[in-house]
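To start, the structure itself, in structure tokens.
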Amino acid sequence: MEWDVVAFTVRYNQPRKDEIEHTLKWLQKCGVFSTDLLLVIEDPCADIGSGGSTLNALLILAEQLCSSRGYTVLTEDVLRGARILILHSGPSSTEFPQGPAFASQGSLRQLENGNFVAEMPIVQLFENVNCLARGHDPLTWVLGTEAYWKLDKNWAALKPDALSNHHITAFTLQADDELARRHGVYDCDQHNFVIDIHFRDPPLRSFHMLCLSAICIPPAISTALLSLHTTYPISSSTYYGLDTGAIGFKLSLFFDFILAGCSSLEQFLAMPIVEGKCDTHPDLVKMARRMVHQKLGGYRTRVEFLPIAVFHYFGDDGRTKQNYLDYCCKPENMGMDFIDLFAHRFEELLRQANQIDAEVPSFHAYLSPMAKAGLKWSSRCLDVFKKFAIESDLKYVSRVLTLCATYLSLLAEGKGGVRSGPAANSEFIPALEMLKNPNKQTEGLEKLFEVTTGWIDEKTRMIRAARHLEAAAQVFATRRIKEICMPMIPILSSAVKKPEFKKVTVSACARVDLYGGWLDTPPITLDIAKSAVVNMAITVDGKKPLHASVERLSDISGLIVEISGEEQLTFASVESIFESHDKPNRPGSLICACLVATGLFDNPKPLSDILQTHYGIPTTGLKIMCKSELPHGSGLGTSSILAGALLAAIWSSLGVEYTLDHINHTVLYIEQLLTTGGGWQDSIGGLSPGLKITHFQTEATDGKHFLTKTIELPEKLRSEMQNRFALVYTGKTRLAKNLLQEVIRSWETHDGEAVEAIRTMQRNVDLTADKLAEG
Numbered sequence: 001m002e003w004d005v006v007a008f009t010v011r012y013n014q015p016r017k018d019e020i021e022h023t024l025k026w027l028q029k030c031g032v033f034s035t036d037l038l039l040v041i042e043d044p045c046a047d048i049g050s051g052g053s054t055l056n057a058l059l060i061l062a063e064q065l066c067s068s069r070g071y072t073v074l075t076e077d078v079l080r081g082a083r084i085l086i087l088h089s090g091p092s093s094t095e096f097p098q099g100p101a102f103a104s105q106g107s108l109r110q111l112e113n114g115n116f117v118a119e120m121p122i123v124q125l126f127e128n129v130n131c132l133a134r135g136h137d138p139l140t141w142v143l144g145t146e147a148y149w150k151l152d153k154n155w156a157a158l159k160p161d162a163l164s165n166h167h168i169t170a171f172t173l174q175a176d177d178e179l180a181r182r183h184g185v186y187d188c189d190q191h192n193f194v195i196d197i198h199f200r201d202p203p204l205r206s207f208h209m210l211c212l213s214a215i216c217i218p219p220a221i222s223t224a225l226l227s228l229h230t231t232y233p234i235s236s237s238t239y240y241g242l243d244t245g246a247i248g249f250k251l252s253l254f255f256d257f258i259l260a261g262c263s264s265l266e267q268f269l270a271m272p273i274v275e276g277k278c279d280t281h282p283d284l285v286k287m288a289r290r291m292v293h294q295k296l297g298g299y300r301t302r303v304e305f306l307p308i309a310v311f312h313y314f315g316d317d318g319r320t321k322q323n324y325l326d327y328c329c330k331p332e333n334m335g336m337d338f339i340d341l342f343a344h345r346f347e348e349l350l351r352q353a354n355q356i357d358a359e360v361p362s363f364h365a366y367l368s369p370m371a372k373a374g375l376k377w378s379s380r381c382l383d384v385f386k387k388f389a390i391e392s393d394l395k396y397v398s399r400v401l402t403l404c405a406t407y408l409s410l411l412a413e414g415k416g417g418v419r420s421g422p423a424a425n426s427e428f429i430p431a432l433e434m435l436k437n438p439n440k441q442t443e444g445l446e447k448l449f450e451v452t453t454g455w456i457d458e459k460t461r462m463i464r465a466a467r468h469l470e471a472a473a474q475v476f477a478t479r480r481i482k483e484i485c486m487p488m489i490p491i492l493s494s495a496v497k498k499p500e501f502k503k504v505t506v507s508a509c510a511r512v513d514l515y516g517g518w519l520d521t522p523p524i525t526l527d528i529a530k531s532a533v534v535n536m537a538i539t540v541d542g543k544k545p546l547h548a549s550v551e552r553l554s555d556i557s558g559l560i561v562e563i564s565g566e567e568q569l570t571f572a573s574v575e576s577i578f579e580s581h582d583k584p585n586r587p588g589s590l591i592c593a594c595l596v597a598t599g600l601f602d603n604p605k606p607l608s609d610i611l612q613t614h615y616g617i618p619t620t621g622l623k624i625m626c627k628s629e630l631p632h633g634s635g636l637g638t639s640s641i642l643a644g645a646l647l648a649a650i651w652s653s654l655g656v657e658y659t660l661d662h663i664n665h666t667v668l669y670i671e672q673l674l675t676t677g678g679g680w681q682d683s684i685g686g687l688s689p690g691l692k693i694t695h696f697q698t699e700a701t702d703g704k705h706f707l708t709k710t711i712e713l714p715e716k717l718r719s720e721m722q723n724r725f726a727l728v729y730t731g732k733t734r735l736a737k738n739l740l741q742e743v744i745r746s747w748e749t750h751d752g753e754a755v756e757a758i759r760t761m762q763r764n765v766d767l768t769a770d771k772l773a774e775g
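All residue numbers for the sequence shown refer to the UniProt record's numbering, where the first residue is 1 and numbers rise by one.
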């Protein structure tokens with residue numbers, strides 16, 4: 001790696017400056033680093049901070065570059081196209097007289113060119129930054145030397161798009177609470193852009209993004225930064241200011257420069273002065289920050305995770321040279337890799353996420369570095385997911401599997417296709433079938449991950465495997481729903497007297513969702529404390545638009561299905577019904593799922609024999625019709641309401657006594673059987689009259705999971721709604737399953753926007769009902 005400039009800054013009055021320069025020149029000669037211009041720059045005065053030291057070094061090296069190119073005045077553009085490395089030395093001490101960067105480990109390292117050099121942190125640091133910068137555009141790199149860190153041996157390089165010409169890139173490693181309390185940590189949005197920095201006061205969360213003293217600055221920002229050297233009081237941190245009679249001024253690279261692009265000017269000026277990092281004169285700090293924000297306020301900082309195998313900070317109290325040698329030079333620590341550390345931390349994060357009300361950051365921040373590690377670690381990452389899936393309770397397994405699917409999609413780097421798609425490949429079917437049986441759950445998970453591991457050889461197959469992992473997650477969601485719903489599904493009995501009429505027809509309203517959105521969707525509705533929806537049953541053009549009928553046949557054997565009066569299908573066997581009941585893209589799948597849910601075909605006998613058992617002779621067949629007068633994909637709850645209407649028709653034809661509670665529980669179960677993963681609000685919205693709010697609770701009260709309360713509207717509002725309500729059809733259709741999957745992914749990965757939207761709906765759903773009642 002060829003650098004245009006390598007600048008090493010030392011503290012003011014550093015007595016070993018000459019020795020440091022001699023050591024650096026020797027390392028350069030041996031081939032540790034390569035540059036045309038090596039500078040050892042002493043800070044112009046004491047205590048100018050990392051920001052002041054960076055600005056002063058940038059000024060001096062820019063002047064040197066200008067001079068070498070024949071310029072007689074400073075030209076900031078000289079930074080463009082130059083590969084610049086600025087290294088800041090740590091404080092010297094009795095144990096580390098040249099600073100911790102030159103602390104010998106008492107061993108030698110052989111370089112690629114065959115030369116041997118003493119093993120010490122500065123050598124490792126050059127290896128780190130050369131690895132990071134290689135293959136990227138010329139940029140300015142700024143690194144501190146107060147910590148020893150080593151990239152994992154299996155890690156290759158930063159991705160081509162990891163560094164940007166439009167924002168600063170700051171590097172981080174994941175830290176636990178103990179480490180975070182001794183350092184600064186980044187607070188980032190879901191796209192990993194910095195929004196705040198906490199110094200020795202980390203927020204409450206499992207893991208933190210440690211402020212590693214390593215940042216990368218593109219030319220546009222480094223030139224903007226350099227332009228501050230003539231601005232008072234910022235100039236006071238450079239030799240330029242001191243030579244014009246100013247007194248030193250302390251600036252922080254992180255709290256004064258990086259944070260400038262994270263907030264408005266007012267917010268930046270109001271930020272507290274961090275003790276020990278920034279200048280202590282409030283008026284001067286405010287003046288300086290105003291100037292910094294003017295130049296750097298438009299540039300944000302994005303955090304990039306690094307797979308760091310070994311990390312040791314020299315500045316901590318009690319961390320002596322012996323601590324450093326004991327920790328960093330052990331063979332087992334030198335060989336430790338990133339994934340081992342990450343697996344432990346990720347497991348803890350998963351455990352925290354299982355506490356539903358916990359403030360947990362987006363899992364993307366933790367899955368991304370796993371995926372960026374590449375295929376070398378993928379099988380070990382899958383082992384982490386498998387271990388936690390096997391050890392988790394039923395209600396948490398679906399989250400683990402969804403996160404594993406997200407990991408595979410990140411591993412595919414957006415090149416393997418879309419996340420939603422079919423998930424019934426023959427290689428996965430045995431595992432999926434085993435997962436439906438609680439007694440074979442562990443065996444099924446073992447098989448699932450065994451197959452998945454064999455599918456990560458190509459990006460398209462990664463996405464296909466991810467779909468099957470989500471299908472497995474759906475199996476566990478179905479099992480949770482089944483536990484709730486099965487006790488409320490009527491038991492069929494052949495002893496019940498059958499009605500004399502041959503045909504039963506049921507018509508139903510559509511529903512409009514007024515507030516509550518996704519609060520009814522599993523697993524969200526099972527996870528949150530308050531799950532409620534406000535919706536309304538509606539007619540269309542004065543008529544109920546949804547119809548279902550069941551007609552007994554004696555001249556035909558089998559099941560005839562008619563859909564919307566156009567398509568007619570025949571199911572000649574019980575097997576064919578079960579074959580279609582979980583494939584929502586197939587015609588007739590909804591009807592098959594309804595029949596399976598009722599338990600009508602639980603008996604393995606021929607279809608005609610089963611019908612005769614339940615309906616009596618001479619019934620040998622059924623004709624079932626489902627018809628919707630609404631456009632396909634209207635968003636008015638069509639399929640669930642049709643399922644409810646069909647259940648009413650089936651049970652009525654069998655003489656079964658039922659209530660709306662029975663229908664609502666069974667429709668929720670049907671949604672899971674069908675694998676659409678839908679919730680409970682549609683059937684309640686269309687089959688329960690009028691405007692209402694319905695609460696769902698996982699623990700039944702007096703045998704009820706659904707508590708529905710009618711909202712009595714004032715007459716004026718009722719009249720206005722009836723007169724002004726219009727349906728507009730866009731013509732754009734979508735399968736509800738695909739839309740639901742995206743919402744569930746966002747929930748399970750703790751996507752910030754999705755979680756906040758859910759919580760907002762939780763807070764406001766009862767208020768919405770109250771306001772409607774008030775008119």
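For glycine and all other residues, C-beta sits at the position ideal for the given N, C-alpha and C.
Query raised in the report: Do residue 414 and residue 460 come within 8 Å of each other at the CB atom, strictly closer than that value?
Result: no
Query raised in the report: Buried or exposed: which applies to residue 69, given that a residue is buried once 16 or more other Cβ atoms fall within 10 Å of its Cβ?
Result: exposed
Query raised in the report: Just curious, the beta strand (DSSP E) that residue 596 is in, first and last residue?
Result: Where residue 596 is concerned, there is no enclosing beta strand (DSSP E), although the alpha helix (DSSP H) it sits in stretches over 589–598.
Query - Collapsed DSSP secondary structure at residue 461 in the structure displayed - result: helix
Query - Test item: CB-CB of residue 245 and residue 297 under 8 Å - result: no
Query raised in the report: Got a sec: does the ligand MN put a non-hydrogen atom nearer than 7 Å to the Cβ of residue 126?
Result: Although the ligand MN was asked about, the structure shown includes no ligands whatsoever.
Requested in this report: Under 8 Å Cβ to Cβ from residue 291, same chain only, skipping five residues before and after it: list those, please.
Outcome: 228, 231 and 234
Query - Span separating the alpha-carbon of residue 73 from that of residue 14 - result: 30 Å
Report task. Below 7 Å CB to CB, which residues in the same chain sit around residue 129 once its five sequence neighbours on both sides are set aside? Result -> 85, 141 and 143
Report task. May I ask you to report which of helix, strand or coil DSSP gives residue 623? Result -> If DSSP states are grouped into helix, strand and coil, residue 623 belongs with the strands.
Query raised in the report: On the three-pair Cβ rule with 8 Å, is the region 108–118 touching the region 157–169?
Result: Output reads no: the region 157–169 does not touch the region 108–118.
Query raised in the report: With respect to the beta strand (DSSP E) encompassing residue 211, which residues constitute its N-terminal and C-terminal limits?
Result: 208–217
Report task. Identify whether residue 729 lies in helix, strand or coil by the three-state DSSP scheme. Result -> Secondary structure of residue 729 (DSSP, three-state): coil.
Report task. Report the option in 390, 469, 114 and 236 whose CA atom is closest to the CA atom of residue 439. Result -> 390
Query raised in the report: If you draw a straight line from the C-alpha of residue 432 to the C-alpha of residue 601, how long is it?
Result: 22 Å
Query raised in the report: With DSSP run on the structure shown, which of helix, strand or coil describes residue 42?
Result: Residue 42 falls in the strand class under three-state DSSP.
Query - For residue 754, the three-state DSSP class (helix, strand or coil) - result: helix
Query raised in the report: Which one of 505, 554 and 67 has the shortest CA to CA distance from residue 544?
Result: Residue 505 is the option with its Cα nearest to residue 544.
Query - In DSSP terms, what residue 642 is bridged to - result: Answer is none; residue 642 lacks a bridge partner.
Query - Own chain, CB closer than 6 Å to residue 555, minus 5 neighbours either side, in chain order - result: none
Report task. Let me know the secondary structure DSSP gives residue 635 once reduced to three states. Result -> coil
Requested in this report: Ignore the nearest five residues each way along the sequence and tell me which others in residue 31's own chain have a CB closer than 7 Å to its CB.
Outcome: 111, 113 and 115
Query raised in the report: Looking at the structure shown, is residue 134 part of a helix, part of a strand, or coil, going by DSSP?
Result: coil
Query raised in the report: Start and end of the beta strand (DSSP E) containing residue 188?
Result: 184–188
Query raised in the report: Could you give the distance in angstroms between the alpha-carbon of residue 663 and the alpha-carbon of residue 190?
Result: Spanning the two alpha carbons is a distance of roughly 40 Å.
**Report entry** Presumed contact (8 Å Cβ cut-off) between residue 673 and residue 581, rounded CB distance
**Finding:** About 6 Å separates the two Cβ atoms, so the contact holds.
Query raised in the report: Are the region 175–188 and the region 208–220 in contact at 8 Å, needing three or more beta carbon pairs?
Result: Touching, per the Cβ criterion.
Query raised in the report: Taking Cβ to Cβ, would you say residue 656 is nearer than 8 Å to residue 496?
Result: Taking 8 Å as the Cβ cut-off, residue 656 and residue 496 qualify as a contacting pair.
Query - Endpoints, the alpha helix (DSSP H) within which residue 26 is located - result: 17–30
Requested in this report: Could you pull out every residue in the same chain whose Cβ sits closer than 6 Å to the Cβ of residue 338, ignoring the five residues on either side in sequence?
Outcome: Only weak support is given to the placement of residue 338: the predicted model assigns it a pLDDT of 48, under 50, and the question is left unresolved by the model.
**Report entry** Euclidean distance between Cα positions of residue 466 and residue 744
**Finding:** 14 Å
**Report entry** Supposed close pair residue 385, residue 173 - CB separation, criterion 8 Å
**Finding:** No, residue 385 and residue 173 are not in contact; Cβ-Cβ is about 22 Å, not under 8 Å.
Query raised in the report: Can the beta-carbon of residue 577 be found closer than 8 Å to that of residue 568?
Result: Between residue 577 and residue 568, the CB-CB gap reaches or exceeds 8 Å.
Query raised in the report: For the alpha helix (DSSP H) that contains residue 451, what are its first and last residues?
Result: 441–453
Query raised in the report: Just to confirm, are residue 197 and residue 254 a CB contact at a threshold of 8 Å?
Result: yes
Requested in this report: Report buried or exposed for residue 286, applying the criterion of at least 16 other Cβ atoms within 10 angstroms of its Cβ.
Outcome: exposed
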